[in-house]
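Take any residue in the sequence shown, count from 1 to its spot, add 76: that is its number in this note's numbering.
Positions of the beta carbon are idealized from the N, C-alpha and C atoms, including for glycine.
Encoded as C-alpha cells, the structure appears first; notes follow it.
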Amino acid sequence: MATTAVAAYQPKPSKGFDDVIIIGGGLAGLFCALKLAPRAVTVLAAAPIGRGASSAWAQAGIAAAVGPGDTVDKHVTDTIIAGDGIVDEDVIRMMATEASARIHDLLEFGVPFDRDLAGKLSVSREAAHSESRIVRVRGDMAGRAIMEALVAAVRKTPSIRVLEGYVAEELITGNGRVTGVAARDKAGSGEDLHRLNASHVVMATGGVGHLYEVTTNPTEARGGGIGMAARAGARLADMEFVQFHPTAINVGKDPAPLATEALRGHGATLHNSAGERFMLGLHKDAELAPRDVVARGIFAEVKAGRGAFLDCRAAVHDFADEFPTVFGYCTEAGIDPAKEMIPVVPAAHYFMGGIWTDADGRSSLPGFWACGECTSTGAHGANRLASNSLLEAVVFAARIALRLGSEMTGSAPANWQEGSVSSASHLAENDHPNMAALRRTMSPNLGVLRDGDGMRDALRTILDLARNSHSARFDNVITTAKLIAVAALNRLESRGGHFRTDFPEESPDWKRRTLLTLEQANAIVPDLLETDR
Ligand code: SIN
Numbered sequence: 077m078a079t080t081a082v083a084a085y086q087p088k089p090s091k092g093f094d095d096v097i098i099i100g101g102g103l104a105g106l107f108c109a110l111k112l113a114p115r116a117v118t119v120l121a122a123a124p125i126g127r128g129a130s131s132a133w134a135q136a137g138i139a140a141a142v143g144p145g146d147t148v149d150k151h152v153t154d155t156i157i158a159g160d161g162i163v164d165e166d167v168i169r170m171m172a173t174e175a176s177a178r179i180h181d182l183l184e185f186g187v188p189f190d191r192d193l194a195g196k197l198s199v200s201r202e203a204a205h206s207e208s209r210i211v212r213v214r215g216d217m218a219g220r221a222i223m224e225a226l227v228a229a230v231r232k233t234p235s236i237r238v239l240e241g242y243v244a245e246e247l248i249t250g251n252g253r254v255t256g257v258a259a260r261d262k263a264g265s266g267e268d269l270h271r272l273n274a275s276h277v278v279m280a281t282g283g284v285g286h287l288y289e290v291t292t293n294p295t296e297a298r299g300g301g302i303g304m305a306a307r308a309g310a311r312l313a314d315m316e317f318v319q320f321h322p323t324a325i326n327v328g329k330d331p332a333p334l335a336t337e338a339l340r341g342h343g344a345t346l347h348n349s350a351g352e353r354f355m356l357g358l359h360k361d362a363e364l365a366p367r368d369v370v371a372r373g374i375f376a377e378v379k380a381g382r383g384a385f386l387d388c389r390a391a392v393h394d395f396a397d398e399f400p401t402v403f404g405y406c407t408e409a410g411i412d413p414a415k416e417m418i419p420v421v422p423a424a425h426y427f428m429g430g431i432w433t434d435a436d437g438r439s440s441l442p443g444f445w446a447c448g449e450c451t452s453t454g455a456h457g458a459n460r461l462a463s464n465s466l467l468e469a470v471v472f473a474a475r476i477a478l479r480l481g482s483e484m485t486g487s488a489p490a491n492w493q494e495g496s497v498s499s500a501s502h503l504a505e506n507d508h509p510n511m512a513a514l515r516r517t518m519s520p521n522l523g524v525l526r527d528g529d530g531m532r533d534a535l536r537t538i539l540d541l542a543r544n545s546h547s548a549r550f551d552n553v554i555t556t557a558k559l560i561a562v563a564a565l566n567r568l569e570s571r572g573g574h575f576r577t578d579f580p581e582e583s584p585d586w587k588r589r590t591l592l593t594l595e596q597a598n599a600i601v602p603d604l605l606e607t608d609r
C-alpha cells in the first residue's frame, strides 16, 4: 500500500512554501497525490475532494487489455481508429502498456472492481472496442466507487494537505517558470487572494463541458484551469476537439444525466418518434458506430423535430441491478426504462483538447505539469475511445509523480518571491449573465455541427464577453472558449469531434494535431474573423 493509516485526517499547516501543489480534487489530482506519498503535497480543491469531479460521474470504467484474448496492440489499434488519424501512437502504447499496473494500484487503494467467480477482473465491451476490456464496478458505478476509494485513501495519508473550498485564479510566474498559484477561499467567494508558492504546480482541473448548454459534466467543468494555463503562456493542443456523448437523457436537466454507452453495448437500439431505427442507415455498425457518428445521427433527428429515443426494453433484463445509476436517473424523471424508451440528446461530454503535455505530463512551462481531462497528451486524437479517459488520468498522474519524485528538492526556487498576482472581483460564476451568454453561443455555433459563419459569430460574442469580463475566474473560462473557437475556425476540414458542414470531408493537409499558445491564437483572430473560412 502506498498509504499510511492514521486515526484521523489532520490537515497540515503550510510552512509557507510547498514542494508540489496539485490544483484539482478529482481522479487525476488525488491519484497523483497518493502516488507521491509519502512526499509532502498540497491539493487545492474548489469543493470537498471527489465532489464536482467528472470522474465521479463516470459510469463505464477503465479500458485495460486484461481480458482473455486481448492485447496491448489491439487496444492501441482501436484507439488509433477511433481517434481519426491524429492519435500519438507512442503515447497510447505507453498508456495501454501501463494500464494493468494502474488497475492494480487502484485495487490497492481499495477500488472494488468487479471479478468473475474465479476471482479474475471482469471485463465488458463498449462501442468501438474490438475486445471486452472495460474494468467496471457494480455495472455502472465505476466512477463513484473509484472516487470514494481514493478520497478515503487521501484522508488517511498524512503527507497530503488538502485545502478544500479553494478556487485557483492565476498561476504565479517568475523568471520563466511557474512558482505557485493564487487562489481564493470560501469556494472562490473569499475576499483575500491567497498566494501559495511551490516548486511544482500540477493542474488537474478537468474539462470544459459546462461551456455548453447541454452537458453531462458537473458545473465545475468550465475550462478554468486550461484558460489559466494559457494565460500564463502554456502551449495548448487540439482545442477544437470536443466530444459529444450521444445519449444524455433528455429531460431538461442541467447537467444532463448520462445513459451509458454500455447500454448500446448490451444491445439497446436508437429510434426516432416515427419508430425508425435511424442508425441502420448511417453506419454499418449502427448504434455501435464511433461516438461522433452516433452523436450526429441523434442530433439530426432532434433538430428535425423527430426526437431520439434509446430502447433498452429487450436488451436489459434487470435494469435496477445492471445499471443502477441510469435506472435512478430515469426513475427520478418519471421514466420506467423497462417499459418505456428513454429520450436522449447529444451532450458535451469530454474534451480531447487542453494543456499540451509530453509523455510524462510536463507542460511547456518549467515547473508546471498537468494530468487528466485538462490536458491534451495526444492519446485521444480527434475522438476519444470510450473508457480511455480514466485510464489516461491515472497513467499520467502516476508518471508525473514518478518524475516529480526525482525532481523534488525540498527547497524554494530562488525567484519565488518575484511572481506577481493581480486581484479581481468575484461574483457567483454560474448565475452570472456572462456565463449564460457564453453557453448560448457555444452550443449552436461550436457544438456537434459547425460552420464558418456560426463560429465567427461565436468568436465575436466571446471577444465581447472577454472585454466585459466580471472576474478573474471568468477571464480563465472565456480564454478557453476563445481558444476553442480559434482552433475550430482554423481547421478547414471535418475530423472526429470537429464536424464542419462547410468542410464536411477529412483533408490530408490537416492530418495533424493543433498546437498553439494564447499569443499565437490572438495573432490570428483578425484573419479568422475577416477571411471567408
Ligand atoms: C459512458 O459510460 O458512456 C461514458 C464512457 C466514457 O465516456 O468513456
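So which of the options has the shortest CA-CA distance to residue i?
i, options, result
"Ser-176", "Ile-156, Val-163, Leu-346 and His-151", "His-151"
"Val-148", "Met-428, Ser-130 and Val-167", "Val-167"
"Val-230", "Phe-107, Arg-271 and Ser-482", "Phe-107"
"Val-227", "Ala-263, Ala-512, Arg-127 and Asp-190", "Arg-127"
"Glu-48", "Phe-395, Ser-452 and Pro-400", "Only positions 77 to 609 of the chain appear in this structure, which leaves residue 48 out of reach."
"Ala-474", "Leu-541, Ala-435 and Gly-381", "Ala-435"
"Leu-346", "Gly-300, Ala-310 and Pro-422", "Pro-422"
"Arg-438", "Ala-477, Phe-403, Gly-429 and Ile-418", "Ala-477"
"Gly-309", "Ser-130, Asp-154 and Thr-556", "Thr-556"
"Glu-408", "Arg-479, Gly-328 and Asp-361", "Gly-328"
"Glu-245", "Gly-299, Leu-441, Ala-350 and Ala-376", "Gly-299"
"Ala-350", "Asp-361, Ala-362, Cys-406 and Ala-380", "Ala-380"
"Gly-528", "Pro-584, Asp-314, Asp-192 and Asp-603", "Asp-603"
"Ser-266", "Thr-453, Ala-597, Ala-274 and Val-243", "In the sequence as presented, Ser is not what sits at residue 266; that position holds Gly. When only C-alpha atoms are compared, the closest one is Val-243."
Once you ignore the five residues that flank residue i on each side, which residues in its own chain have a CB closer than 7 Å to its CB?
i, result
"Asp-160", "Gly-457, Ala-458, Asn-459, Arg-571 and Gly-572"
"Pro-366", "Ala-158, Ala-204 and Asn-459"
"Glu-174", "Val-471"
"Tyr-288", "Ala-424, Arg-515, Met-518, Ser-519 and Gly-523"
"Ala-109", "Ile-98, Val-117, Val-119, Val-230 and Ile-236"
"Thr-607", "none"
"Gly-186", "Ala-225, Ala-228 and Ala-229"
"Glu-377", "Asn-348, Phe-354, Gly-383 and Ala-384"
Got a sec: does the ligand SIN put a non-hydrogen atom nearer than 7 Å to the Cβ of residue i?
i, result
"His-321", "yes"
"Ser-465", "yes"
"Thr-336", "yes"
"His-425", "yes"
"Ala-136", "yes"
Please work out which residues of its chain come closer than 6 Å, Cβ to Cβ, to residue i, disregarding the five sequence neighbours upstream and downstream, and give them in chain order.
i, result
"Gly-100", "Ala-280 and Thr-281"
"Ala-500", "Residue confidence for Ala-500 is low, a pLDDT of 35 falling below 50, so the modelled location carries little weight and cannot support an answer."
"Val-277", "Ile-97, Val-254, Val-257 and Phe-444"
"Thr-118", "Asp-94, Ile-97 and Arg-237"
"Gly-137", "Ile-210, Val-211, Arg-212, Ala-218 and Ser-463"
"Glu-316", "Ala-563, Ala-564, Arg-567 and His-574"
Under 8 Å between the Cβ atoms of residue i and residue j?
i, j, result
"Arg-356", "Ala-391", "Per the sequence presented here, residue 356 reads as Leu, with Arg not at that position. Going by C-beta atoms, Leu-356 is not nearer than 8 Å to Ala-391."
"Ile-125", "Val-238", "yes"
"Ala-371", "Asn-348", "no"
"Ile-222", "Ala-113", "no"
"Phe-579", "Leu-568", "yes"
"Met-304", "Asn-544", "no"
"Arg-588", "Arg-526", "no"
"Gly-283", "Ala-297", "yes"
"Ala-561", "Ala-599", "no"
"Asp-261", "Gly-241", "yes"
"Cys-388", "Ile-418", "yes"
"Leu-466", "Leu-103", "yes"
"Gln-319", "Met-484", "no"
"Asn-293", "Gly-301", "no"
"Leu-312", "Trp-432", "yes"
"Asn-521", "Met-511", "no"
"Glu-449", "Ser-130", "yes"
"Leu-197", "Arg-191", "yes"
"Gly-250", "Pro-442", "no"
Less than 7 Å between the CB of residue i and some heavy atom of the ligand MG, yes or no?
i, result
"Ala-462", "Absence of the ligand MG is noted for the structure shown, with the ligand SIN being the only ligands found."
Within the same chain, show all residues whose beta-carbon is closer than 8 Å to that of residue i, passing over the 5 residues directly before and after it, in chain order.
i, result
"Val-536", "This sequence places Arg at residue 536; Val is not what is there. Here the set comprises Leu-605."
"Gly-341", "Ser-200, Arg-201, Glu-202, Ala-203 and Leu-364"
"Ala-141", "Thr-147, Val-148, Lys-150, His-151, Ala-172, Ala-175, Ser-176, Glu-207 and Arg-209"
"Val-290", "Ala-324, Asp-330, Ala-332, Val-421, Pro-422, Ala-423, Ala-424 and Ser-519"
"Glu-337", "Ala-136, Glu-202, Ala-203, His-321, Pro-322, Thr-323, Arg-367 and Ala-462"
"Glu-595", "Gly-309"
"Asp-374", "The amino acid occupying residue 374 in the given sequence is Ile; Asp does not appear at that position. So the list reads Pro-322, Thr-323, Leu-346, Ala-384, Val-420, Val-421 and Pro-422, once near-sequence residues are dropped."
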